[in-house]
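Chemist: Chains A, B, C and D are the protein sequences, given in the same order.
Count along the first sequence from 1, add 324, and you get the number used in the working numbering.
Count along the second sequence from 1, add 324, and you get the number used in the working numbering.
Count along the third sequence from 1, add 812, and you get the number used in the working numbering.
Count along the fourth sequence from 1, add 812, and you get the number used in the working numbering.
Cβ atoms here follow ideal geometry from the backbone N, Cα and C, with glycine treated the same way.
Model, not experiment: these values are computed from the prediction.
Shown below is the structure under consideration.
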Amino acid sequence: MHQTGSRGTSSEPDRLLRALGDDDSLVSGLGVDEGTRRALFSAMVRLRSFDDACVALQREGTLPTFFSSRLQEGVICGAAQALADGDAVFPTPREYGVSLQRGVAAEDLAAQILGKASGRQAPCYVSFRSAKVASVSGIIGAHLPHAVGYAWSARVRKTSHVVLAFLGDGATSSGEFHSALNFGGVMKAPVLFLCRNNGVAISTPVARQTASETLAEKAHAYGIPGLLVDGTDAIAVYNAVRTWADAARHGGGAMLIEARTDLLPDRDPIARLERHLMKDNLLSEDAARTIDAEARAEALAAVNVAKGRAAPSRETLFDDVFAVVPRHLVSQRDHA
Amino acid sequence: MHQTGSRGTSSEPDRLLRALGDDDSLVSGLGVDEGTRRALFSAMVRLRSFDDACVALQREGTLPTFFSSRLQEGVICGAAQALADGDAVFPTPREYGVSLQRGVAAEDLAAQILGKASGRQAPCYVSFRSAKVASVSGIIGAHLPHAVGYAWSARVRKTSHVVLAFLGDGATSSGEFHSALNFGGVMKAPVLFLCRNNGVAISTPVARQTASETLAEKAHAYGIPGLLVDGTDAIAVYNAVRTWADAARHGGGAMLIEARTDLLPDRDPIARLERHLMKDNLLSEDAARTIDAEARAEALAAVNVAKGRAAPSRETLFDDVFAVVPRHLVSQRDHA
Amino acid sequence: MSEMNMVQAINDALRLEMRRDDRVVVLGEDVGKVGGVFRVTAGLHEEFGEDRVLDTPLSEGGIIGTAIGMALYGLVPVPEIQFADFIFPGYDQIVSELAKYRYRSGGEYSAKLVIRTPVGGGIRGGLYHSQSPEALFIHVAGLKVVCPATPYDAKGLLLASIRDPDPVLFFEPKRVYRAAKGEVPEGDYTVEIGKARIAREAVPSGRKDDRMVTVIAWGAMLYEAIAAAEEVKKKGIECEIIDLRTLWPLDIDTIVASVEKTGRVVVVHEAPRTCGFGAELVSLITERAFLHLEAPPERVTGFDTPFPYTLEMEYLPLAHRIVPALEKVAGF
Amino acid sequence: MSEMNMVQAINDALRLEMRRDDRVVVLGEDVGKVGGVFRVTAGLHEEFGEDRVLDTPLSEGGIIGTAIGMALYGLVPVPEIQFADFIFPGYDQIVSELAKYRYRSGGEYSAKLVIRTPVGGGIRGGLYHSQSPEALFIHVAGLKVVCPATPYDAKGLLLASIRDPDPVLFFEPKRVYRAAKGEVPEGDYTVEIGKARIAREAVPSGRKDDRMVTVIAWGAMLYEAIAAAEEVKKKGIECEIIDLRTLWPLDIDTIVASVEKTGRVVVVHEAPRTCGFGAELVSLITERAFLHLEAPPERVTGFDTPFPYTLEMEYLPLAHRIVPALEKVAGF
Ligand SMILES: Cc1ncc(C[n+]2csc(CCOP(=O)(O)OP(=O)(O)O)c2C)c(N)n1
Ligand SMILES: Cc1ncc(C[n+]2csc(CCOP(=O)(O)OP(=O)(O)O)c2C)c(N)n1
Ligand SMILES: [Mg+2]
Ligand SMILES: [Mg+2]
């Protein structure tokens, strides 16, 4: 595994870290155990199925908006797989699905997306404290300094927990990206900034987002390492995150990984891993079909259960503004 | 002159651009004409004298605060000298004195500092439209995107004017630093970000400001060149800015220069240039004394003239909020 | 004249002014080729090219800060903030720089630009796609704040805003972007900044028990005020509705004249109640028309909570919440 | 008990709470070794070390954003913003993140922290070292806003703020940082958030032409209100002065009780008049005590201009500007 130091990447911006070769086999020397590879596959299929179910909800008008994670599963699932239980994740809306992998029931995720939990946030702006998944903000980049503060706290509190923060390519332009990476570098916080570069922010191509050749090299500005990885190669993402996390648990600091998901003509991370697993005889056609069928069934069932849940009542509008509903809100609740 | 490309600096962060050698003579190959070298010296002495007069005003309590430019003259005067008339400057309070070199009368500068012009801003937050010196903000870093927009406008309006924006090392942490350099890179704006690194922001050392090894290398994050220059060497600063400006007038884009003023044991840029000029027989002891005496006389006279000017009247409080005083302000002015 | 919706009217104003004045430039996230997420800038990139219509990086501080620099140069930028909810990363540039540039420079400089941004709820956008932050700008000296309710006013006020010498925040009520339709002149015209409009005049019936109420509203809530007025008319309550159009500087004369006539006031706005613009309106009315007031002015507003997602129709001050307030002030 | 000024009282509160609760951390620009530009955090770095007292890079968004992350972890950060004027680069973190975190997460998370920052004019600081931005935070649901006027309240309110479960903006009136002195208990005590204090009680003389006025003030302006009250006493105007202490949530009961007694109100604040907190106070009073009002409430405030430098003593609502307002409401 080629990992650049704080000034390596820029001289080799074309060094894209990959685990799977063009022939779908593991690049030699990368020992990722079979269980992990299988788990990665299942997680991606599960996420894709859930995503498809939600996209259908959007098409039928049930959801006004939805941030599909299609083709981004290699980054999302690869990274989540590399974390330990006590680690925390700070996602953007497009990684709403990371909670599935961290033990959240699909129906609870669907309930938040369908506005059947607190009903406060639009779809994909989810929160799962039980899974140590932070609340998603609607302000691009705003969550990044939170990840730094959280990671620093875990360090000074002498735990070995680390923090994973996701971001898109567009978010690299935000002021908080700058603050977060800078604070992360100075505070030596065990936080990973994992940038999914899908080449575009709404309609704006990366070339209009920044003039830097890669996003990974932005790390240098903060004295932290930057790494470019193939985001459609879930094993490569897993490896990169795992390597960072192992170091970060024992005193290592912040890092920026750019995972490109727009680069290769064959951009489907699930198809790639499937071919690899079949080639290595870790997956049969039958098994693949079963995994897929189960995932689709789970997603549909989850959506149905969630649809059946009660919507939050008017009274709940006034909860959670403060720890205790204050008098002025009691009066707005009861007399308006 | 050694200038790094968009990825050169980081591999040679210790390459500090200098024009004056340890023996006070010009490094060979750097042909800076005699007139320019003499002008630089006079400008620095003039600024130092003015600054001393203001520091005295602060000591006596006339000024509540003051941003002294002592020891920063190499950067301020070196850069200003390299500009053409139509170019614009966006300073921080510590470069309040750049206007002197751009034709502003010392008494008009003193009047603004003493609150005898509009009286709206604390000392050093000056503005001189006639000299194309922008209004200084109290918010660190906030002026940097202005410089980008201005420079871009000059470009699309097909002029050959360029823009110089000053900043301190502390300002590199601001969100607007990030926005400005990023926009500057993407928009290919003819703007120079000239960072005076004096090693400290109030009490915070650069090492707590950022973990990057140099500030110059932050340029890479924006796909623009970064350069490290000895900020106590006015000729080196002049050269660096001039070289950039010549290119920027003809299609060149944004750049970041870090000028270190805290590095060498011999940190006085005036003493250094004086030794050089004397060594090259461009300045006699007598001439130096005269330049100094004239500068001090000018500064004291300016302060006296400014002190004698009338302070703004209460009515002026309500001007310039809008182009025309609106009715609600007329009533606040006349009835309060 | 042709019938337009508000999106078309704003687009028409931008195109007209960009043709007339080559200093006008448009910039923002996704405003270029795709013409903005609401298509308000559609076609401008094609017509005026990328030196007049710029897709920017994702930084509101950068957008507004860069626009200020363009304005200092002498251009007239019209930056778009994709949703008003995203304006806060650029808030410092607006309140510390834009609003204060003329003042702090003793009149040497001014930064003239118009920030366009969609505001308001009712589109199932939730917490970060629904807010109405006008009060946070009206409190800051140096800014003009405009919010049209009709396509006619949208075009005329935008043209006036671009030609006004001061910075203007131009809030577009996105809930009625397409729903509000009306006749819009094809050529050039302006609607004066700082002038309200009587959207519905109260005509006293002459009956003894007749009660009149002045309703102050703007943007999308104007239509709710009108619906509420129709509703209470049956009960003998006659509303005079003022569409503010410009929130600051305020057309206090029109308001005071109406309150002197009706003696009762209801203010409607989407933003949270506390320290909302309604508080300023109530205070000004109390100061200027105290002896004419038959009842304390009522505010019908968003609640003092963040903007919710599923319950937005409970949160918004829609007709069903305005009606009881009208009845209350009428019955005081 | 010992006499302290406000800087000492706040320092004392921080030290006490950091000793009592090891989750409390202090961070900000220059708060460490040098103890802050106003020396409010002096000695803390020495006593608690750099894992509890952090000098940060120069980014208010970074300071507040990082503090939110610490709070999500379970620490109790007390970030300092060097001057309230510099809070705007961090405004988005406060209004979009801090204020909304509990709500948007359906109560799963909360971000408990206290932002300390000096406010107000009168120190020859000019445009960017003098502002009073309270209204810009009170309007945003989810924040508590505190502003003590005395050392006793400063210590007690800061301890209460740190222990309160919600985010608090703790505004420190820097003009009286050292000028306000008083007895402060040495140990632990709190002053309840949300409770105003009658700083001066109006005692009716019983004379027929006697007029009473309720004056609402906070922070440094409390002392101006007191001076004005002494001044008008000679003219038969008796003031009841309410020191709000907590601006939000508001102790409306204390205000209404006083207004029911006096029938007249003057509100004093440094911030610009329009959409200032005074507007909310006037509106609430009008809504709740309409029939008790003998005169329209008056606002004595900063003008609707940026904060000036040389003319700040004209700008501020000092006693010489409060006196005519008292006379006006008394003579209505
Ligand atoms: C501060 C802010 N500005 C603008 C937006 C609107 N917006 C939502 S998603 C988005 C693009 C994000 O692109 P990127 O970060 O690349 O993530 P992707 O959607 O490609 O995964 C924008 C501009 C926002 N949410 N917040
Ligand atoms: C946004 C903001 N935060 C904090 C301050 C307070 N402040 C004034 S000068 C300064 C330090 C600036 O340091 P640097 O940029 O290195 O410039 P220097 O004074 O060293 O020339 C700080 C923190 C400010 N003016 N603006
Ligand atoms: Mg993207
Ligand atoms: Mg410095």
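For a test of your reading of the model: does the CB of Asp-493 of chain A fall under 7 Å from any non-hydrogen atom of ligand 3? Yes or no.
Modeler: Yes, the Cβ of Asp-493 of chain A comes within 7 Å of a heavy atom of ligand 3.
Chemist: Is there a Cβ of chain D sitting closer than 8 Å to that of Gly-329 of chain A, yes or no?
Modeler: Residue confidence for Gly-329 of chain A is low, a pLDDT of 34 falling below 50, so the modelled location carries little weight and cannot support an answer.
Chemist: With a threshold of 16 other CB atoms inside 10 Å of the CB of Ala-435 of chain B, please say whether the residue is buried or exposed.
Modeler: Burial call: buried.
Chemist: Looking at the C-beta of Pro-945 of chain D, does it have a partner C-beta in chain A at a distance below 8 Å?
Modeler: With 8 Å as the cut-off, Pro-945 of chain D does not count as an interface residue toward chain A.
Chemist: Suppose you measure from the CA of Gly-873 of chain C to the CA of Gln-820 of chain C; what does that come to, to the nearest Å?
Modeler: Those two C-alpha atoms are separated by around 28 Å.
Chemist: Using the beta-carbon of each residue, which ones in chain C are nearer than 7 Å to Pro-650 of chain B?
Modeler: Pro-1061, listed in chain order.
Chemist: State the start and end residues of the unbroken alpha helix (DSSP H) segment that holds Val-381 of chain B.
Modeler: The sequence shown places Leu at residue 381 of chain B, rather than the Val named in the question. 358-383 is the extent of the alpha helix (DSSP H) around Leu-381 of chain B.
Chemist: In three-state DSSP terms, what is Thr-534 of chain B?
Modeler: Here Thr-534 of chain B sits in coil by DSSP.
Chemist: Distance check for Gln-943 of chain C and Gly-421 of chain A, CA to CA, integer angstroms please.
Modeler: Spanning the two alpha carbons is a distance of roughly 27 Å.
Chemist: Verify the CB distance criterion: does His-951 of chain D have a CB-CB separation below 8 Å to chain G?
Modeler: Of the protein chains in this structure, namely A, B, C and D, none is chain G.
Chemist: My parser needs the beta strand (DSSP E) runs of 3 or more residues fully inside the segment 468-554 of chain A; what are they?
Modeler: Runs of the beta strand (DSSP E) inside the segment 468-554 of chain A: 487-492, 515-521 and 550-554.
Chemist: Using the three-state DSSP reduction, which class does Ser-349 of chain B fall into: helix, strand or coil?
Modeler: In the structure shown, Ser-349 of chain B sits in coil (DSSP, three-state: anything other than H, G, I, E or B).
Chemist: When the Cα atoms are used, what is the spatial distance from Lys-912 of chain C to Pro-1120 of chain D?
Modeler: About 11 Å.
Chemist: Using Cβ-Cβ distances below 8 Å, what residues of the segment 493-514 of chain A are close to chain D?
Modeler: Taking 8 Å as the Cβ-Cβ cut-off against chain D, the residues of the segment 493-514 of chain A that qualify are Gly-499, Glu-500, His-502, Ser-503, Ala-504, Asn-506, Phe-507, Val-510 and Met-511.
Chemist: Along the segment 398-421 of chain A, where does the CB come closer than 8 Å to a CB of chain B? Name the residues.
Modeler: Hits within the stretch: zero.
Chemist: Okay, do the segment 1120-1137 of chain C and the segment 824-842 of chain D touch, 3+ Cβ pairs below 8 Å being the bar?
Modeler: Because the criterion of three Cβ pairs below 8 Å is not met, the segment 1120-1137 of chain C and the segment 824-842 of chain D do not touch.
Chemist: Which of the three DSSP states, helix, strand or coil, is assigned to Met-813 of chain C?
Modeler: Looking at Met-813 of chain C - three-state DSSP - the assignment turns out to be coil, as it is neither helix nor strand.
Chemist: Is the closest heavy atom of ligand 3 to the C-beta of Ala-525 of chain A under 7 Å?
Modeler: Yes, the Cβ of Ala-525 of chain A comes within 7 Å of a heavy atom of ligand 3.
Chemist: Contact between the segment 1027-1041 of chain C and the segment 955-973 of chain C is defined here as three or more beta-carbon pairs at a separation below 8 Å; is this criterion met?
Modeler: With the cut-off at 8 Å, the segment 1027-1041 of chain C and the segment 955-973 of chain C touch.
Chemist: Quick check on Ser-503 of chain A: buried or exposed, where buried means 16 or more other Cβ atoms within 10 Å of its Cβ?
Modeler: By the 10 Å Cβ count, Ser-503 of chain A comes out buried.
Chemist: Glu-892 of chain C: which of C:Glu-862, C:Phe-850, C:Gly-933 and C:Lys-1047 sits nearest, CA to CA?
Modeler: Cα-wise, what sits closest to Glu-892 of chain C is C:Phe-850.
Chemist: Tell me whether Cys-665 of chain B sits in a helix, a strand or coil according to DSSP, three-state version.
Modeler: What is shown of chain B runs 325 to 660, which leaves residue 665 of chain B out entirely.
Chemist: Interface residues of chain D around Gln-445 of chain A at Cβ under 7 Å?
Modeler: By Cβ distance, chain D contributes Arg-916.
Chemist: Within 10 angstroms of the Cβ of Gln-327 of chain B, are there 16 or more other Cβ atoms? Answer buried if so, exposed if not.
Modeler: Because the pLDDT at Gln-327 of chain B is just 35, under 50, the model does not fix this residue reliably, and the value given afterwards should be weighed accordingly. Gln-327 of chain B comes out buried.
Chemist: Would Thr-1074 of chain C pass as a contact of Val-1025 of chain C if the rule is Cβ separation under 8 Å?
Modeler: For Thr-1074 of chain C and Val-1025 of chain C, yes; Cβs fall inside 8 Å.
Chemist: Which same chain residues, not among the five before or five after Val-629 of chain A, have their C-beta less than 6 Å away from its C-beta?
Modeler: Result list for Val-629 of chain A: Glu-431, in chain order.
Chemist: From the beta carbon of Ala-535 of chain A, is the nearest beta carbon of chain D less than 8 Å away?
Modeler: For Ala-535 of chain A, the answer is no, since every Cβ of chain D falls outside 8 Å of its Cβ.
Chemist: Within its chain, find whatever has a CB closer than 8 Å to the CB of Thr-483 of chain B; leave out the 5 residues flanking it on each side and keep chain order.
Modeler: Within the same chain, Thr-483 of chain B has close Cβ partners Gly-410.
Chemist: Which residues, taken in chain order from the segment 536-555 of chain B, show a beta carbon closer than 7 Å to some beta carbon of chain A?
Modeler: Listed in sequence order: Ser-536, Glu-537, Glu-541, Lys-542, His-544, Ala-545, Tyr-546, Gly-547 and Ile-548.
Chemist: At the level of alpha carbons, what is the spacing between Glu-1160 of chain C and Ser-442 of chain A?
Modeler: Because chain C in this structure spans residues 813 to 1144, residue 1160 of chain C falls outside the shown range and cannot be described.
Chemist: DSSP three-state call for Arg-599 of chain B: helix, strand or coil?
Modeler: Here Arg-599 of chain B sits in helix by DSSP.
Chemist: Is Gly-329 of chain B helix, strand or coil by DSSP?
Modeler: Because the pLDDT at Gly-329 of chain B is just 34, under 50, the model does not fix this residue reliably, and the point stays unresolved.
Chemist: Residues of chain C with CB closer than 9 Å to the CB of Asp-658 of chain B, please, in chain order.
Modeler: Within 9 Å Cβ-Cβ: nothing; Asp-658 of chain B doesn't reach chain C, min ~16 Å.
Chemist: Could you round the C-beta distance between Met-368 of chain B and Leu-551 of chain B to whole angstroms and report it? I think they count as a contact, below 8 Å.
Modeler: Incorrect: roughly 21 Å between the Cβ atoms, too far for contact.
Chemist: Which residue marks the beginning of the beta strand (DSSP E) containing Arg-864 of chain C, and which one marks its end?
Modeler: Premise fails: Arg-864 of chain C is in no beta strand (DSSP E) and is neither H nor E.
Chemist: For the alpha helix (DSSP H) that Glu-1042 of chain C lies in, which residues bound it at each end?
Modeler: Segment 1033-1045, the alpha helix (DSSP H) holding Glu-1042 of chain C.
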